[in-house]
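Residue numbers (this note's numbering), protein chains in the order written: chain A, 1174 to 1636; chain B, 1174 to 1636; chain C, 1174 to 1636. Data first, discussion second: the structure below is written as structure tokens.
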């Protein structure tokens, strides 16, 4: 069973550190003199290996970065760069595509507009799958590059203060990044464009699964003196995120609190014009990071990062500012992706644990008609519904909260049923007494009735 | 003079067997333990060779398969994957394209929507051309993979019963396949979707050139007892080919005839939505092969094959059925294409005979305005008409039947003329007395008159 | 500081000859027996090198030619072949693109519809940039191939008579070519399609910078007897350039003049349909070179060249004429591009001088609002204006003529200003007394006034 990288969760902290240590080796051996982040030449560990890059969405940067990494490992690449020239236009499913391509190639790098598509690929393929970005969901290799860059620049990730600006809603790089930062002990201050805050489900995971502490910036004043979480996330409230003019008031709030006296990095992201919806900030009211934004003392040692491409949210005058490291950040992509490829292809054994990623319980497979509410989820696509059942992780709560196995969007379950008894209950607490294999989830009570289920008459009993 | 693979006819049976023997070698050396059909690693016979893949139609599978094969031979690839980014948009002809690209590369793999385009390429290029699919015409490397798969799975091709389902009209893979099966002695039972039977010209070639015997399935009852042809083709009549519900009656007919008691393989093809015309079966009334279709005893040892991609003509529940071998079939594409490349590039000498493929007489070059009736034929394209004359093979008969040299479509000749005497005759038998270099073919009598020809007054005499 | 090839001016004559000498070596070592212009196999000088080809415009020929050259040097290639799948659709600038891609690759080959885009790339990248064609501006590697072909075929370039036919206005290959021919001492006779003469700015550079002599063909009769310039350019007047029928009268004129008794090469170019504007010759009235055109005695030893692809300006019957060398010309692209890559990558040291190309004075950076008049110029594109200032070379004259640093289009300056004194003058002679760092150029007098400048009251004084 191959290891894949579909979400940043698929690697343990120890594994990420092992990948980074190998990247260090590549930097040491191939880095340009005086500019070690830029690797040149080759270190042919993969001479007998063929990989495939399947890009169903526009990309230059990420695809070329993977291909450069593979070339520098001495390996070989099959490229499908254009969604319109692929078998997908003939209606081929994700599952079929990867089961064919894995007979050609030892590893598949996939970018796809459908959220969760790489998770499906990893479910059906026997070779490693790397998610190179799926819709607004995740972009875990960008996160590895970002974390590695911060680690090289700052000597580590613990106790760093990182401001993240811009489109935190659609920006898949941001979602993977905040999980990664939280896991390694950095503190995150979010500075979203209007209407483009971190999605609620991302915030919840951050808090519940990665130990982040959620504090709104305008409530910081009310915190007990001396309060300083190990890692956490701090958000700039909606009304403060209207753009450049409002930034000052945020600065004032942070200024009164010592943990934020120094900002180690400002991570800027572009407006994702192609995903924008009504009511969300456009280019006009989008926060801009430039020398004026960064003139405060706390930004004196900040590194300014950007996953690129930028539009106009990051001033061009920053290019000559020594704090700007976004091109260096791009160049670290090569050694990091080389190390990741080497790890997943087992070219350097022992970097990753054997078997599947240490994971949670198997997800609940939908039988009661419950579907994911995210239109862009792979489980909602016509071609994929032919063979793919929606799956959910049960998060608990009443009403029962569930999370889509593929795209991580959350949904609320109106009632829970027991298949062998054809009974349902609107109280989520009933779940505890239903065997997993008999559990049915319904989006509404009427859906349960239509399926021939009747309500439990007696109140639920323990055990 | 290089050898090319434009149609499956370009290789003799002995040559195909030599290619398969080399594929066996690759499977033995590079096959995964326990799964030898999946080759991994490289066997660098082609380290100094550059080939080009020119794809003027969407493809992932075929192009990546060739490229993986070339990588595993240690070779190098130039890729043009998108018709819209090529010189074709500037109006370049096939002949010019290949005469340029052959100066860059030692072999050209071409897919093109125009039927016969690879034949034109092979006419003008000095390097080998491989047809990777031309319109609805042929796809000979798919056939090589299919035959090789059957041979590996069944130990040979002679005396096999193969059912071919679906779109037999537009499916180019099917056309190459039936010729190949007939040549190697398999028996073919066709099961077409409504309106999508094998084209008449394919049936004729199958019968006249490859020794196939044509019997309609509903006439099988009338055959003499004990009749069992060496190879043949059996068709399911139109009215029985309406879809799933009708399949039973076909089964009943076959059940009464011992040669069909066991079906060795069921070859399924998808509806070619992009080529569909009015009156032809769509997704709704297309035959579906699934566990229900295959529940009869005669299918117990069948292998289920599909050139992929599939849409919904092949049930997803088949994926876990041990009879399904379509992904294995895809993986055999690598060793077969490696062997074909090695053979055409003469990396392993002696596999193919020297000089051009053992062929028929040179085709008749149109002088009387006769053109191919197939709109998709390369000889009917504006850019190609600048330099390309229609060419035909004379098939005989009265009226005279001719077959397009490029796309194999047939046409009927209304009258034949003699250029030096400016005479024409509506009787095809006249052809025998006209020297080949003076023969002129006319689509109609009026075309002959317009060209200044007059009818022969005397009846045709012998010799 | 890396050397780039953005315009043919970037290489000195000596450097071009060094590149050609290396190409000779490749031809000698890798040329096919009996056909040495067609190189096969590899000479792996670049085994540890990765380059990128970024094509923002359709191309097969040029991209595949570079990639074949790189493969034959043993190197590795990242390809972005389709403008629509690149980061450019997300609004990324040229400068950002190359600063990222140079971290992946040691050299960038760029084709772009914006004129001057490769110049911007070279300004921002630290790796060599090769211009593979920018709009209607230049295509210097085609020129290297053309010059090398002529040199191989004719033993040298000095004293050759070269006729250039067709679209001399939009044809970027022609612009680079005439400079190259003039520099090496060939004589050029232009034979433009109606309305598609060499642009005035090209003629001026040819005359002023490359020592070409401009003579209209219909004035040749008035030249002093025995007049024979070392290199020069001769144009066929507009009224003689209407097409095939008119060619005779041109022939008569040239016939009377001995230097033109022999035409060494006829260079044909296609109508650039995609760039055609009203009033310009279309396919119908475009000059056609065929055996009839070439029947005059002076063409008996001519070589017929074409950068390809052709449409219908070059008759297909020429393909079997021994004077036709356009496919040979295409094949010389491989050894020449191999040599160019080896030179710029410093794989063979000493071919090119160290440091930047021996150049002129740094250009004037626009401060007074003067912009380039060419809509297709990179400096006029929305995304690029974010960071790019128009720049001009001062050509002198009154009114002052300037040339765009990026696209070489010319503009006239209405008045010149002095920034520290807020004064302007409509006399260009004032420029001499204004320090370069204070000079401001205005497109109009009103622009100067709007900028708060006032006219110099006193007449300009010396010194």
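Quick reminder that beta carbons are idealized off the backbone N, C-alpha and C, glycines included.
If you check each beta-carbon in the region 1467-1488 of chain A against every beta-carbon of chain C, the ones closer than 7 Å belong to 1481, 1482, 1483, 1484, 1485. Our two residues, residue 1362(B) and residue 1199(B), have alpha carbons roughly 32 Å apart in a direct line. Closest in alpha carbon position to residue 1535(C), among 1568(C), 1478(C), 1544(C), is 1568(C). In the DSSP annotation of this structure, the continuous segment of the alpha helix (DSSP H) that includes residue 1352(A) starts and ends at 1345-1356. Distance from the CA of residue 1178(C) to the CA of residue 1553(A), rounded to the nearest whole angstrom, comes to 50 Å.
For residue 1557(C), no chain A residue has a Cβ inside 7 Å of its Cβ, as the nearest lies near 11 Å away. For residue 1453(C) and residue 1365(C), the gap between their C-alpha atoms comes out near 11 Å. Contact between residue 1338(A) and residue 1441(A) holds: their C-beta atoms lie close to 5 Å from each other, under 8 Å.
In this structure, residue 1289(A) lies near residue 1310(A), with their beta-carbon atoms less than 8 Å apart. Interface residue (Cβ-Cβ distance to chain A less than 8 Å): residue 1276(C) is classified as such.
The DSSP-derived three-state label of residue 1536(C) is coil. DSSP places residue 1192(B) in the helix class (H, G or I) of the three-state scheme.
As summarised for the region 1282-1322 of chain B, the continuous beta strand (DSSP E) elements at least 3 residues long and confined to that stretch are 1302-1307, given in chain order.
DSSP, read as helix, strand or coil, puts residue 1626(A) in coil.
The beta carbon of residue 1586(B) lies closer than 8 Å to those of 1543, 1572, 1573, 1574, 1575, 1601, 1614, 1615, 1616 in the same chain, with the five residues before and after it left out. Cβ neighbours of residue 1592(A) within its own chain (closer than 6 Å, five residues either side excluded): 1611, 1613. One thing to note: residue 1327(B) has its Cβ no nearer than 8 Å to the Cβ of residue 1320(B). For the set 1275(B), 1278(B), 1195(B), 1182(B), the Cα lying nearest the Cα of residue 1512(B) is the one of 1195(B).
Taking the C-beta atoms as reference points, residue 1175(A) is found no nearer than 8 Å to residue 1241(B). If you compare the alpha carbons of 1476(A), 1605(A), 1590(A) with that of residue 1628(A), the shortest gap goes to 1590(A).
In this structure, residue 1298(C) places its C-beta atom within 8 Å of the C-beta atom of residue 1271(C).
Scanning 1501(A), 1539(A), 1231(A) for the CA closest to the CA of residue 1477(A) turns up 1501(A). For the pair residue 1313(A) and residue 1302(A), the CB atoms are not nearer than the 8 Å cut-off. Nearest C-alpha to residue 1434(B) among 1472(B), 1558(B), 1444(B): 1472(B).
In summary, no residue of the region 1316-1349 of chain A has a CB separated from any CB of chain C by less than 8 Å. Counting of Cβ neighbours within 10 angstroms places residue 1547(C) among the buried residues, the total reaching 16 or more. Here residue 1304(A) is buried, its C-beta having at least 16 other C-beta atoms within 10 Å. In the displayed model, residue 1210(B) falls within a strand according to three-state DSSP. By the CB criterion at 8 Å, residue 1461(A) and residue 1486(A) fall inside the cutoff.
One alpha carbon belongs to residue 1222(C), the other to residue 1603(C), and they sit about 51 Å apart.
Its Cα nearest to that of residue 1499(B), the residue 1438(B) stands out among 1522(B), 1515(B), 1438(B). Shown here for residue 1464(C): same chain residues with a beta carbon closer than 8 Å to its own, the five before and five after excluded, namely 1488, 1490, 1491, 1494 in chain order. Taking C-alpha positions only, residue 1284(A) is separated from residue 1555(A) by approximately 19 Å. Residue-level contact by beta carbon fails for residue 1220(B) and chain A, as no gap is shorter than 8 Å. Secondary structure of residue 1466(B) (DSSP, three-state): helix. Here DSSP, grouped into helix, strand and coil, assigns residue 1506(A) to helix.
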